[in-house]
Amino acid sequence: MSHTTTTQSLKSLNTFGMPVVAGNYIPLTTVDSVAQILTPLLRSEKEVRVLGGGSNILFTRDVHCALVHPQFKEVRIISDTNTSVSVAVEAGFNWHQWVLHSIDQGWYGLENLSLIPGNVGAAPIQNIGAYGVEVKDCIASVTYYDFDTLSFKTITNSACEFGYRNSVFKQSLKNKILITEVVFELSKIPKVNTQYGAIQSQLEANAIATPSPKDVSNAVISIRQSKLPNPADIGNAGSFFKNPVLAKDQAQEILKNHPNAPNYPAGDHVKLAAGWLIEQCGWKGKTLGNVGVHNKQALVLVNHGKGSGQEIYNLSQQILESVASKFGITLEREVNIW
Ligand code: FAD
Ligand code: NAP
54 MSHTTTTQSL KSLNTFGMPV VAGNYIPLTT VDSVAQILTP LLRSEKEVRV
104 LGGGSNILFT RDVHCALVHP QFKEVRIISD TNTSVSVAVE AGFNWHQWVL
154 HSIDQGWYGL ENLSLIPGNV GAAPIQNIGA YGVEVKDCIA SVTYYDFDTL
204 SFKTITNSAC EFGYRNSVFK QSLKNKILIT EVVFELSKIP KVNTQYGAIQ
254 SQLEANAIAT PSPKDVSNAV ISIRQSKLPN PADIGNAGSF FKNPVLAKDQ
304 AQEILKNHPN APNYPAGDHV KLAAGWLIEQ CGWKGKTLGN VGVHNKQALV
354 LVNHGKGSGQ EIYNLSQQIL ESVASKFGIT LEREVNIW
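54 is the number of the first residue of the sequence shown in this note's numbering; add one for each residue after it.
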């Protein structure tokens, strides 16, 4: 199958609102079109990149390789029992709409991941997580088209090598596959996770003593709307850096000098809050030219409207250097730099 080469502005297709252009933009409307279009494209050895909702990419320049954009969004029930359901969701389905749909159907497990931007296809890539839940807890398998073998492959949860904001798709398979569908295993028995203090406070404020999964979803939506900049109003890609997970002795050394630093057990390691570290370096609410650091959450870098990807990148570099100099910790960027 051939496709027409289209030049496409990506300004409305990335949440930073960077006004870059893709010279060879290819929307993929069906799963069947994936192999039909990608096989000849990859045989001619052209580089291919995949765009989802554009909420975890910083574009620093125009895109010259082929940019494919999965837009297929079917939902299929694979098995259904009294206690659980297994559902395949195609890559182009909007993540938050899928979470709301699952709760409406009485399928539970994803409530804490409400209002995360982006599409289903990208969710396994950084094992999206929020408020004590990671998507890996609900994934049975992931199907992808492999750019090397030019064939489809389905791998189970354990082969995805999920970790904290990490997976095989972010490591050895990075930019070498296109995820077509994710199979979720969800519970029909309501069980909520309210371990994060912000959720508890929100539920208490609404006098909800025994929350349903829908109550937890609503609480998460309210907290996020009050704290995070809406990309429709101010360009951003959520947390720009990952929280550092340190060996216990390194963390203890830092906590000795900074006893107020928020810290959380992470297996036999300790997780520190990157936002707090950045704030201590004086960055919260700062503006540098057209870009800056959000005034309510220092982990979020923002485009004030006319910023460029390079400006955001330069700001992130300055932040990295000041955190390294003050705390001896090298932060890792969570956002994909293109
Ligand atoms: P994109 O940004 O389009 O792509 C991200 C990467 O995945 C790119 O490398 C791209 O090539 C690749 N990719 C995308 N789709 C596919 C596919 N089908 N197959 C193969 N590769 C693909 N993240 C969290 O984990 N937790 C949060 O709470 C959270 N909150 C956020 C809040 C805001 C306001 C914003 C803007 C972002 C937030 N994020 C959060 C980050 C982001 O929403 C997630 O990482 C999301 O999963 C990215 O999805 P996307 O479809 O936009 O991916
Ligand atoms: P927050 O509640 O102010 O907490 C700050 C940090 O402390 C978070 O990053 C969180 O780690 C950690 N934390 C807080 N309570 C914890 C607990 N009980 N157990 C373990 N760790 C705890 O954070 P926030 O910025 O408002 O974000 C709220 C949630 O949404 C977080 O889970 C965050 O990851 C998620 N979020 C993610 C993005 C993104 O782009 N990745 C953007 C916005 C929000 P964790 O991050 O590991 O949870």
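Don't be surprised by glycine CBs; every beta carbon is placed ideally from N, CA and C.
Just to confirm my understanding: we take Val73, look at its own chain, exclude 5 residues before and 5 after, and list those with CB closer than 6 Å. What are they?
Translated into the one-based positions of the sequence shown, residue 73 becomes position 20. Hits under 6 Å: Leu63, Phe112 and Asp115.
Go to Ser155, then tell me how far its alpha helix (DSSP H) extends in each direction, as first and last residue.
Against the sequence shown, residue 155 aligns to sequence position 102. Residues Trp148 to Gln158.
Along the chain, where does the alpha helix (DSSP H) containing Thr136 start, and where does it finish?
As a first step, residue 136 is located in the sequence shown; it is residue number 83 there, counting from the start. No alpha helix (DSSP H) holds Thr136; DSSP gives it neither H nor E.
In three-state DSSP terms, what is Cys334?
Translated into the one-based positions of the sequence shown, residue 334 becomes position 281. In this structure, Cys334 counts as coil in the three-state DSSP scheme.
Any chance you could list the beta strand (DSSP E) runs of at least 3 consecutive residues sitting entirely within the segment 167-246, in chain order?
Whole beta strand (DSSP E) segments, 3+ residues: 192-199, 204-209 and 230-240.
The ligand NAP heavy atoms versus the CB of Lys223: any closer than 7 Å?
On the sequence shown, residue 223 is found 170 positions in, with the first residue counted as 1. No, since every heavy atom of the ligand NAP falls outside the 7 Å radius drawn around the Cβ of Lys223.
Check for me: the alpha helix (DSSP H) holding Ile274 runs from which residue to which?
As a position in the sequence shown, residue 274 is number 221, starting the count at 1. Note, Ile274: alpha helix (DSSP H), Pro266 to Lys280.
Just to confirm, does Gly107 get its C-beta within under 7 Å of one of the non-hydrogen atoms of the ligand FAD?
Counting from 1 along the sequence shown, the entry for residue 107 is found at position 54. Result yes, Cβ under 7 Å from the ligand FAD.
Taking 7 Å as the cut-off, is the C-beta of Arg129 nearer than that to any heavy atom in the ligand FAD?
Residue 129 sits at position 76 when you count from the first residue of the sequence shown. Because no heavy atom of the ligand FAD lies under 7 Å away, the Cβ of Arg129 does not count as near it: no.
My output table needs one value for Val73: the three-state DSSP class, helix, strand or coil.
Taking the first residue of the sequence shown as position 1, residue 73 is located at position 20. Here Val73 sits in coil by DSSP.
Who are the Cβ neighbours of Val103 in its own chain at under 6 Å, not counting the five residues just before and after it?
As a first step, residue 103 is located in the sequence shown; it is residue number 50 there, counting from the start. Counting only Cβ-Cβ distances below 6 Å, and skipping sequence neighbours, we find Val121 and Leu231.
Between Asn296 and the ligand NAP, is the CB less than 7 Å from at least one heavy atom?
If you number the sequence shown from 1, residue 296 lands on position 243. True, at least one ligand heavy atom lies under 7 Å from that Cβ.
Let me know the secondary structure DSSP gives Pro93 once reduced to three states.
On the sequence shown, residue 93 is found 40 positions in, with the first residue counted as 1. Reduced to three states, the DSSP call for Pro93 is helix.
Pairing CB atoms from the segment 156-171 with CB atoms from the segment 204-215, are three or more of them under 8 Å?
At 8 Å Cβ cutoff, the stretches do not touch.
Is Ala68 near the ligand FAD, with its Cβ less than 7 Å from a heavy atom?
Start at 1 with the first residue of the sequence shown, and residue 68 comes out as number 15. Strictly speaking, residue 68 in this sequence is Thr, with Ala absent from that position. Yes; taking the cut-off as 7 Å, the Cβ of Thr68 has a heavy atom of the ligand FAD nearer than that.
By DSSP, does Phe294 sit in helix, in strand, or in coil?
For the purposes of this step, residue 294 is taken as residue 241 along the sequence shown, with counting starting at 1. Strand, per DSSP.
Say the cut is 7 Å; is the CB of Asn356 nearer than that to a heavy atom of the ligand FAD?
Counting from one through the sequence shown, the residue named residue 356 turns up at place 303. False, no ligand heavy atom lies under 7 Å from that Cβ.
Taking DSSP as the reference, what is the three-state secondary structure of Val101?
For this step, residue 101 is matched to residue 48 along the sequence shown. It is a strand residue.
According to DSSP, is Asn389 part of a helix, a strand, or is it coil?
Locating residue 389 in the sequence shown gives position 336, counting from the first residue. Strand, per DSSP.
Any heavy atom of the ligand FAD closer than 7 Å to the beta-carbon of Arg114?
Position 61 of the sequence shown, counted from the start, is the residue given in the question as residue 114. False, no ligand heavy atom lies under 7 Å from that Cβ.
Out of Asn283, Gln350 and Gln305, which has the shortest C-alpha to C-alpha gap to Ile331?
Working through the sequence shown from its first residue, we reach residue 331 at position 278. If we check each option's Cα against that of Ile331, Gln350 comes out closest.
So Gly106 is in the beta strand (DSSP E); what residue range does that whole segment cover?
Here residue 106 corresponds to residue number 53 of the sequence shown, with the count starting at 1. Taken as a continuous stretch (DSSP letters only), Gly106 belongs to no beta strand (DSSP E), as it is neither H nor E.
Return the residue from the list Thr82, Val236 and Leu66 that minimises the CA-CA distance to Ala75.
For the purposes of this step, residue 75 is taken as the residue at position 22 of the sequence shown. Taking only the C-alpha atoms, the option nearest Ala75 is Leu66.
What's the gap between the Cα of Ser220 and the Cα of Leu281?
Translated into the one-based positions of the sequence shown, residue 220 becomes position 167. Translated into the one-based positions of the sequence shown, residue 281 becomes position 228. Roughly 25 Å separates the two Cα atoms.
Is Tyr78 near the ligand NAP, with its Cβ less than 7 Å from a heavy atom?
Mapped onto the sequence shown, residue 78 falls at position 25. Incorrect: Tyr78 has no Cβ contact closer than 7 Å to the ligand NAP.
Can you tell which of Gln89, His149 and Lys229 has its C-alpha closest to the C-alpha of Ala176?
Sequence index remark: in the sequence shown, residue 176 carries index 123 (1-based). Among Gln89, His149 and Lys229, the Cα nearest to that of Ala176 belongs to His149.
CA-CA distance, Ile390 and Leu226?
Here the question's residue 390 lines up with position 337 in the sequence shown. Here the question's residue 226 lines up with position 173 in the sequence shown. C-alpha separation (whole angstroms): 16 Å.
For the candidate residues Lys99, Thr60, Phe69 and Val128, whose alpha-carbon lies nearest to that of Thr83?
Counting from 1 along the sequence shown, the entry for residue 83 is found at position 30. That would be Val128, whose Cα lies nearest to the Cα of Thr83.
What's the gap between the Cα of Phe69 and the Cα of Trp329?
Position 16 of the sequence shown, counted from the first residue, corresponds to residue 69. Position 276 of the sequence shown, counted from the first residue, corresponds to residue 329. Approximately 23 Å, taken between the alpha carbons.
May I have the straight-line CA-CA distance separating Phe380 from Leu325, to the nearest angstrom?
Here residue 380 is taken as the residue at index 327 of the sequence shown, counted from 1. Here residue 325 is taken as the residue at index 272 of the sequence shown, counted from 1. Rounded to the nearest angstrom, the two C-alpha atoms are 11 Å apart.
Using 8 Å as the threshold, is the C-beta distance between Tyr317 and Ile252 below it?
Walking along the sequence shown from the start, residue 317 turns up at place 264. Walking along the sequence shown from the start, residue 252 turns up at place 199. Not in contact: Tyr317 and Ile252 (Cβ atoms no closer than 8 Å).
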